[in-house]
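Numbering (our numbering) for the sequence shown: 249 to 1089.
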Amino acid sequence: MESSRTAQLWEDLRARFPDLAAHLAREGHLDTWQVLSLWDAVRHQREGLEPLLGHMPGVVYRCVMDPHWTMRLMTANARELTGHAAQDFIDNRVLSYAHIIHEADRARVQEVIQAAVASGQGWDLEYRIYHRDGGIRWVHERGTAAGVEEDGLPLLDGYVLDITRHKEAESQLQQARAEAESADRAKTAFLATMSHEIRTPMNGVIGMLDVLAADRLDEDQREVVATARESAFSLLRLIDDILDFSRVEAGRLELEHVPVAVVELTEGVCVSMAAVAAKQAVDLELTVAPEVPDRIWSDPVRLRQVLYNLVGNAVKFSARRDGGRGRVKVGLDTDQGEDGRPRLLLAVRDDGIGMDPEGVQRLFSMFTQADASTTRRYGGSGLGLAICERLVRLMEGEIRVETAPGSGAEFRVGLPLEVVARDGDAHGSAPLQGVECLLHFPGETALAEKRAVLARAGAAVRVIPDLNALESLPPPAGVRVLVQRLDPGGGSTAHPPMPAAGGIAGRVLIEPGKGLYVQGAGVKLTLKEGAIPRRRTLLRAVTLLAGRSAEGQGFSDALEMRRPVIPDRAQARREGRLVLVVEDDRINQSVLLRQLAMLGYAAEVAADGETALRLWSPGRFAAVLSDLHMPGMEGWALVSAIRDREAQGGHTRTPILMTTADARVPSLWTSGEHDIDGYLRKPITLRQLHDALKRHVAPVGDTHPPGPPSAGLAPPTPEGPGLDLQVLRAVVGSDPAALQEFIQLFRGTCRERLERLGVALAQGDTRTLTATAHQFKSAARSVGAARIADLCARIESLEEGSDGAVLDRQIRELGRAVRELEQWIDDHPHGTGPQGQKESP
């Protein structure tokens, strides 16, 4: 029995360690039984340890650090990982572990482990192995050095885990992320393209409606035009809402952090909504608390968007179906949040239908309204409040609603209040310093607000309950102005005489719902004002009387001349008055054609160099006015082609003037590099065009401008959202109809150009992007839209391959400038103040 056990131990020893068994057989002096007993103990320990290791999630091993990773120990669960039995790898009996490592990973595995052993550290790596079934498995191995063998090769201990499922999930996640990003880019490009395609015809519709509205219409016709125009803008607002919601949901909507005249902004929204409210028999009121600062840090575009949505909804739901009048109250105030920090409070209350609690729960969901009947009765997409809620959240604020069925609703928006320091105020911190204002407001509830406005502007303010108190006042130390409000219930329409006592320099008479009558030495005018009084109107009236305003100054750069008779083309050609205009931008074409007509020239227009070259023939045109940057053949190529034809045929030279905003043109002209006769820097004034044509073309009739030649206008400085009407007057003259025509023409193309830039960016079309920016810049400078021109110049100057994120930010900033300009135009429907003076934005 013992011999059989000994034989079995020898058999196990030979199978497991054949070299050791052979060595023992050769060395007769060793106690073989002692060796076999020791091996029996080791085997029992191994048999007890292997089940424990087999329950571990990975394969545990001990191997030699040689080219084959020869295994000395490997747990039985190796079959699950590799498809091979663990015994197949022991001493490389059937195959080596190195053989099943993916050939693309073998060198990296060897380098990592050798480096770790050399540095005395462990290793942690992932690689691929071949399974017996032909598939590939991903494994994660962690190990460390564990001594050396007799031959000096290091021994390694470690474990190998199957991470194939984890890798597959990771790959699927990456693929899903890539597909989502691709879908998001496609959605963005689709929305930008569709917005562009929809806006292009809509701009034409709105532009023509504006032209029609300026014509002589009866009341019914005017009502039809107004309704059509309002419907067109409703569609555009819906497009904007969809785009904004998409940007918010994608996390790509960035907020500005700039100084905002928050009171002016709120007043502007209410003034523009007052006409809509009046049409629906809704009284719109605005109350501004005295504590509200003039300027805060915020995003003016998004703040205005929130207000428009809230006030628009309030007006819509307050309209009566029974012939009665609704009422909407807008309030601006300050308070402290729960965290103790100051907040700006916007409150909009209506007396409409109200909502039940279930309706409030759905209120801020996309494409959802309080109940199904709301859409049928009042219309709307259900997007406005959803966007408001997200915008307010982005601005780190909150929006709440208090309502009940039949009791109206009040929306309250709380936003962080960060006041702009006075020394950062671009308009001056105390324009009324040294001015004393006497306030006489019988029964006026807004007296505190008016007092605060004037005091913040630097005025010394005193309230007088009775005009008889003027008799006892001491002489003024500076300028003294009386601000008097007429009693709305007084019944009399005549202005009371201005008091002679009190040493007042002038009086501002406030007539509720009509305006401010300003009367003083050399000043007598009415500043019209509707149902919503504005702070700036009062300040403007007082500064006029205090002599602090430049009201009434003229514009010396506009030409004053008798308009000549415009010849037809045949006559113009005979008389040397036919000009070829080469310009790809529609607005610049219109500007030049009108200017040439005012100077007595006829013109033909080409939108590119190729067309111009086909139109040109020797002696046909008195001059060529050519843009520099155009699609296809550019300006310099056109000049070269005309000069070549003239030289080949021995023809008389045609004067060519470049019309451009490119700052390099003057140096190129003076260097003689290009054979032109001169250049006109955009924006081109009437005087500049007159002087240039006079130098190269026979003068036309009696169109001489008074005074010395002008050096021309420099491009306007990029300050403020409005138009520099001085530039526009210098370009097209002082005719109000012409001014309105070009303002509306420019406005009508802004969104189209903006959408074209967005589509070009989404498609990576650098050529279209820079060409569109150049056209937009040129048109903006022609009408005095300095900020837009400056932003377009930045986009145009970015080199090909520029960071897309930088371009995206520039285009978004340009979009904000366009929206602010549109708002400025809405707030200044005639574009001018009294006596034709440019009105500050």
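Backbone N, C-alpha and C fix where the C-beta goes; we use that ideal spot for every residue, glycine too.
Where the alpha helix (DSSP H) through ARG573 begins and ends: No alpha helix (DSSP H) holds ARG573; DSSP gives it neither H nor E.
Separation of ARG1029 from PRO963, as counted between CA atoms: Note on PRO963: pLDDT 35, under 50, position unreliable in the model; the coordinate value appears next. If I take the Cα positions, the gap works out to 7 Å.
Complete runs of the alpha helix (DSSP H) confined to the stretch 1050 to 1075 [at least 4 residues]: Those alpha helix (DSSP H) runs which fall completely within the stretch 1050 to 1075 and span 4+ residues are 1052 to 1075.
Rounded separation between ALA707 and LYS698 - CA only: The alpha-carbon atoms of ALA707 and LYS698 are separated by roughly 11 Å.
CB contact flag (ALA871, VAL827, <7 Å): Against a cut-off of 7 Å, the Cβ pair of VAL827 and ALA871 comes out as a contact.
Terminal residues of the alpha helix (DSSP H) in which ALA198 lies: Since the first residue of the chain shown is 249 and the last is 1089, residue 198 is not available in this structure.
ILE904 vs ILE932 beta-carbon contact at 7 Å: No, the pair does not count as a contact, with Cβ atoms beyond the cut-off.
Assigned exposure category for ASP1102 - 16 Cβ within 10 Å defines buried: Nothing can be reported for residue 1102, as the shown portion of the chain is limited to 249 through 1089.
Range covered by the alpha helix (DSSP H) that runs through ARG891: From DSSP, the alpha helix (DSSP H) with ARG891 extends over 883 to 897.
Per DSSP, the bridge partner or partners of TRP371: Paired residue(s): GLY391.
Delimiting residues of the beta strand (DSSP E) encompassing GLN767: Going by DSSP, GLN767 is part of the beta strand (DSSP E) stretching over 763 to 768.
Close beta carbons around ILE377, own chain, < 7 Å, minus the five adjacent residues each side: Hits under 7 Å: THR330, ILE348, ILE349, HIS350, ARG385 and VAL387.
Segment limits, alpha helix (DSSP H) that includes HIS505: No alpha helix (DSSP H) holds HIS505; DSSP gives it neither H nor E.
The stretch 310 to 326 in contact with the stretch 388 to 408 per 3-pair CB rule at 8 Å: At 8 Å Cβ cutoff, the stretches touch.
LEU593 - DSSP class collapsed to helix/strand/coil: Correct three-state label for LEU593: strand.
Cβ neighbour criterion (16 or more within 10 Å) applied to ALA850: Looking at its Cβ environment, which holds 16 or more other Cβ atoms inside 10 Å, ALA850 is buried.
Bridge partner(s) assigned by DSSP for VAL839: VAL839 is not bridged by DSSP to any residue.
The beta strand (DSSP E) enclosing SER546, as first and last residue numbers: For SER546, the enclosing beta strand (DSSP E) covers residues 544 to 546.
LEU1097 to ARG354 span [Cα, whole Å]: The requested residue 1097 is not part of the displayed model; the chain covers only 249 to 1089.
When ILE544, GLN1023 and ARG935 are compared against PRO879, the one with the closest alpha-carbon: For the options ILE544, GLN1023 and ARG935, the alpha carbon positioned closest to that of PRO879 is the one of GLN1023.
Among GLN609, ALA703, ARG704 and PRO653, the one whose alpha carbon lies nearest that of PHE565: Closest option to PHE565, Cα to Cα, is PRO653.
Collapsed DSSP secondary structure at LEU1005 in the structure displayed: Note: LEU1005 maps to helix in three-state DSSP.
C-alpha distance - GLY955 paired with GLN974, whole-angstrom precision: At GLY955, the pLDDT of 33 sits below 50, so the modelled position is not reliable; the number obtained from the coordinates is stated separately. Going by the C-alpha atoms only, they are around 18 Å apart.
Whole-number beta carbon distance between VAL519 and ILE780, since they are thought to touch under 8 Å: In this structure ILE780 is in contact with VAL519, their Cβ atoms being roughly 5 Å apart against a cut-off of 8 Å.
Alpha carbon of ARG788 to alpha carbon of PHE990, nearest angstrom: The straight-line gap from Cα to Cα measures roughly 27 Å.
Selection from VAL554, PRO679 and LYS577 that minimises the alpha carbon distance to GLY662: Ranking the options by Cα distance to GLY662, first place goes to VAL554.
Terminal residues of the alpha helix (DSSP H) in which ALA820 lies: 817 to 823 is the extent of the alpha helix (DSSP H) around ALA820.
Buried versus exposed call for LEU928 [16 or more other C-beta atoms within 10 Å across all chains shown]: Taking all protein chains in view, the Cβ of LEU928 is crowded by 16 or more other Cβ atoms within 10 Å, so the residue is classified as buried.
Nearest candidate by alpha-carbon position, reference VAL839, set MET746, PHE994, ALA537 and GLU1068: A check of alpha carbon separations from VAL839 across MET746, PHE994, ALA537 and GLU1068 identifies PHE994 as the nearest.
Validate contact between the stretch 580 to 594 and the stretch 526 to 541 using beta carbons, cut 8 Å, 3 pairs: At 8 Å Cβ cutoff, the stretches touch.
Residues sharing a beta bridge with TYR309, DSSP: Note: TYR309 sits in a beta bridge opposite MET322 and GLY406.
Check whether ALA525 and LEU532 have beta carbons under 7 Å apart: Contact: yes.
Own chain, CB closer than 8 Å to LEU764, minus 5 neighbours either side, in chain order: So the list reads VAL756, LEU757, ILE758, THR774, LEU775, GLU777, THR785, LEU786 and ALA789, once near-sequence residues are dropped.
First and last residue of the uninterrupted beta strand (DSSP E) at PHE659: For PHE659, the enclosing beta strand (DSSP E) begins and ends at 657 to 664.
Residue interval of the beta strand (DSSP E) (run including ASP531): That run of the beta strand (DSSP E) goes 530 to 536.
Expected contact under 8 Å - CB spacing of ARG829 and LEU863 to nearest Å: According to the sequence displayed, residue 829 carries Val and not Arg. Not confirmed; about 10 Å, so no contact.
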